[in-house]
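S.K.: In full-length UniProt numbering, the protein residues as written are 1 to 687.
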Amino acid sequence: MAKDLFLEIGCEEIPAGFVPKAMADLELLIKKEFDSARIEYGEIVTLGTPRRLVLAVKGVAERQPDAELTAMGPAKSHAYDADGNPTKAAQGFARGQGIEVSQLKLVTTEKGEYLAAVKSEIGRETAELLPEILPRLIGNIPFKKSMRWADFDVRFARPIHWIVALFDGKVVPFSFGNIESGSASRGHRFMANTSFPVRDLAHYLEECERHFVIPDPNKRKEIIRAEIDRVAKQAKGNVLADEALLEQVSYLVEYPSAVHGTFSPDFLVVPREVLITSMREHQRYFSLVDDEGKLLPGFITINNTITEDPQVVVKGNERVLRARLSDARFFFDEDHKVRLESRVESLKSVVYQAKLGTSYEKMERFRELGKRLAQRLNPAVTSQVERAATLCKADLVSGMVGEFPEVQGIMGREYALHDGEEPAVANAIAEHYLPTQAGGELPASDIGAFVSLADKMDTICGCFSVGLIPTGSADPYALRRSALGIINIILDKGYREPLSDFVKASLDLLSAKATRPLAEVQKDVLDFFRGRFVNLMADRFPADAVEAVVSVSFDDLVEAAAKIEALAGFRNRDDFGPLAVAFKRVCNIVKDGVDAPVSAELFQEPAEGELLQALNQVTGKVAGALEKADYLAALTEIATLKPAVDLFFEKVMVMAEDERVRQNRLALLTAIARLFGRLADFSRLSP
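1) On the CB-based measure, 16 or more other CB atoms within 10 Å of its CB, does His260 come out buried or exposed?
2) Could you work out which residue in Arg480, Val466 and Ala328 is closest to Pro405 when comparing CA atoms only?
3) Just checking, does the segment 256-276 make contact with the segment 297-306 on the three C-beta pairs under 8 Å criterion?
4) On the three-state DSSP scale, how would you describe Ile39?
5) Return the chain-ordered list of same chain residues with a C-beta closer than 7 Å to the C-beta of Pro542, the five sequence neighbours on each side being excluded.
6) Flag this pair as yes or no: are the beta carbons of Tyr477 and Leu468 separated by less than 8 Å?
7) Within 10 angstroms of its Cβ, does Gln613 collect 16 or more other Cβ (buried), or is it exposed?
8) List the whole-angstrom C-beta distance separating Ala184 from Ser195, where the pair is believed to meet the contact cut-off of C-beta under 8 Å.
9) Taking the beta strand (DSSP E) that Tyr360 belongs to, which residues open and close that run?
10) Provide the residue(s) that pair with Pro86 in DSSP beta bridges, ordered along the chain.
11) Which one or two residues does DSSP pair with Ser175 in a beta bridge?
12) Pick from Gly677, Asn317 and Ala61: whose alpha carbon is nearest that of Ile302?
13) Is it right to say Ser250 is buried, meaning 16 or more other beta carbons lie within 10 angstroms of its own, or is it exposed?
14) Please confirm whether Ile9 and Leu53 have their CB atoms less than 8 Å apart.
15) If you draw a straight line from the alpha carbon of Gln97 to that of Ala117, how long is it in whole angstroms?
16) Residues bridged to Arg52 by DSSP?
17) Alpha carbon to alpha carbon, how far is Ile306 from Cys208?
18) Name the two residues that bound the continuous beta strand (DSSP E) containing Glu68.
19) Tell me which residue opens and which closes the beta strand (DSSP E) that Gln353 is part of.
20) Between the Cα of Thr640 and the Cα atoms of Gly440, Lys621 and Val164, which residue gives the shortest distance?
21) Excluding the 5 residues preceding and the 5 following Ser120 in the sequence, name in chain order all residues of the same chain whose CB lies nearer than 6 Å to its CB.
22) With a Cβ-Cβ cutoff of 8 Å, do Gly462 and Lys393 count as a contact?
23) So what does DSSP say about Asn238, is it helix, strand or coil?
24) Are the segment 333-342 and the segment 411-427 touching by the rule of at least three beta carbon pairs closer than 8 Å?
25) Taking only runs of the alpha helix (DSSP H) that begin and end inside the segment 627-677, which ones reach a length of at least 4 residues, in chain order?
26) Using 8 Å as the Cβ pair cut-off and three pairs as the minimum, do the segment 441-460 and the segment 370-389 touch?
27) Is the separation between the beta-carbon of Ala75 and that of Gly112 shorter than 8 Å?
28) Rounded to a whole number of angstroms, what is the C-alpha to C-alpha distance between Gly494 and Val558?
29) If distances are taken between C-alpha atoms only, which option among Val172, Leu5, Gly412 and Gly139 comes closest to Ser342?
30) Nearest-angstrom Cα distance between Lys3 and Val60?
31) Buried or exposed: which applies to Lys628, given that a residue is buried once 16 or more other Cβ atoms fall within 10 Å of its Cβ?
32) Could you tell me which residues DSSP puts in a beta bridge with Tyr114?
33) From Leu134 to Tyr41, what distance separates their C-alpha atoms?
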């Protein structure tokens, strides 16, 4: 009979960013534990607040099934000597398994015969296993940072204060550090700081709400959404949409309530991005706008309690925000006293990276790189690209960006407009940081795109050239994000710039700084881009279609993406399976190919001539389709070769005894394979 498991870990406030991942990790860990223990289970539910993590598993089997376990030992050749007596290897293996050598069995595998210990294991009761599983589960949650407390030999995100562990309503007894598991949870720290008993998940959720706790983050999020909308209407405004902030705030509170505050309209002279950033990043406030999207002098904050006197809370928040906005207003006014252009010289004293020089040197490199891109792709904006690149890092030495780093680029645009720079140049200063996250906004203008591409490429090539290469999860210079940014900009804009040329141009400008051979760096950088491009495309199209195209070439990212899309669509044909088999056979036979002209005089079978004729007819049509970048049409034309290919393999022995005939036939197949190869490596496709 299946039963339910319930686990709650109560602790001091966990950082908001830790909770969602911990919930996901809890689910993965319990699955791993139950699968390893051969315990069947049903639906898994995870919940979380700043003070608690909850795991509930429905339909957990009462016991493990009985099992026959096989442990593989040494090969037969090593297990017995020439006289058939067991060697030390066989004796040691038997001893390790707790059985006699005579009880070992011979098992035939693909690699030959091996000794094996086959043991029957009687399944244990789940209730007996859980006291071993649950403390291990708690200790294995991989927090970004964890801590120890007192002198206990356990770690967790924050000190644990209570644990509820129930299986079929009964306590699962175990300890974690100084905490003994039980059946009592606790309410809200301030509004209901008392214990209450738990029977199961449904009872727990009901009791939590009675004790001012909403354990379900999705429910908290919807409560917050409703609250901020309600308060915004009362304030005669609208909430500025911010799903990321809503997500974050939902993990900061257990029982949300909203209040509205205001600030002086005088602060509205400061750019709205600065005001929004100050409220969002430093105070977790939601901004208010009018029906036209204009920022209003007000905010909404989410409390973790229902306050007796909301005005006390409002005044406290207004006082804190006023100090932040006063700083912003001060820096904004002070920065206006110095032209943005005059700040460029100060970049000479800002170290970008010890081995790569100052921010000024970096600017000089990517300015030249950006100019080269403009000259190749849109010469009309070359001078604007040069100007935008010159100014785009100058706001880094402004007072405002020093205090509010999140507004770099935005302040550069504002200060450039204030100084009378061209709007296109000013906007490019802000755009060159885009995209700031996966799936984020991309530069709208060519000017901003060229500067962004150049800056990011200089970062990647610079780091690779001095050995600062990402490893595993460590990527301190965000090179993966920069590479994805470059790829997405190129695909969005349709820039037909060979990636190898772009990388080489960047490395040429870095030659004086490089500590590694540039040819080696170029290969590593292109491999790095290849990995990012493959991952990006594999999220959209079948992995084998991506690999089939990229293995041929991805130097032109726009062309490669279009070929992948066409090949993915081509795979939907009803006859794709037989086509793939036929074309893979061609590719597999020729491998490296035969570089020789095909001679019709050496044909011995009509099928050879028919295949050559079909090839000649298709080649021109494929070339025309490729010239128009109509890759699906090119693939469709290539598909017409299948009957002739099938007939060729049916009637012709490719590996003929006559060397000249054999080479001629291989040359014919090579010509076909290379026609395929103008689009993809068909040998990598799954039928």
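Note that the Cβ used here is the ideal one computed from N, Cα and C, for glycine as well.
M.R.: In this structure, then:
1) buried
2) Ala328
3) yes
4) Looking at Ile39 - three-state DSSP - the assignment turns out to be coil, as it is neither helix nor strand.
5) Ala568 and Arg571
6) Cβ atoms of Tyr477 and Leu468: closer than 8 Å.
7) exposed
8) 4 Å
9) It is not in any beta strand (DSSP E) - Tyr360 instead sits in the alpha helix (DSSP H) that spans Ser359 to Leu377.
10) Residue pairing by DSSP places Pro86 opposite Tyr80 in a beta bridge.
11) Glu180
12) Asn317
13) Per the 10 Å Cβ criterion, buried.
14) yes
15) 7 Å
16) Gly10 and Thr49
17) 16 Å
18) Ala67 to Ala75
19) Val351 to Gln353
20) The residue with the shortest Cα to Cα distance from Thr640 is Lys621.
21) Glu68
22) no
23) Asn238 falls in the strand class under three-state DSSP.
24) yes
25) With a minimum length of 4 residues, the continuous alpha helix (DSSP H) runs that stay inside the segment 627-677 are 631-639, 642-651 and 659-677.
26) Under the 8 Å Cβ criterion, the segment 441-460 counts as touching the segment 370-389, having at least three qualifying pairs.
27) Remark: C-beta atoms of Ala75 and Gly112 approach each other more closely than 8 Å.
28) 6 Å
29) Gly412
30) 5 Å
31) exposed
32) Note: Tyr114 sits in a beta bridge opposite Ala75 and Val107.
33) 15 Å
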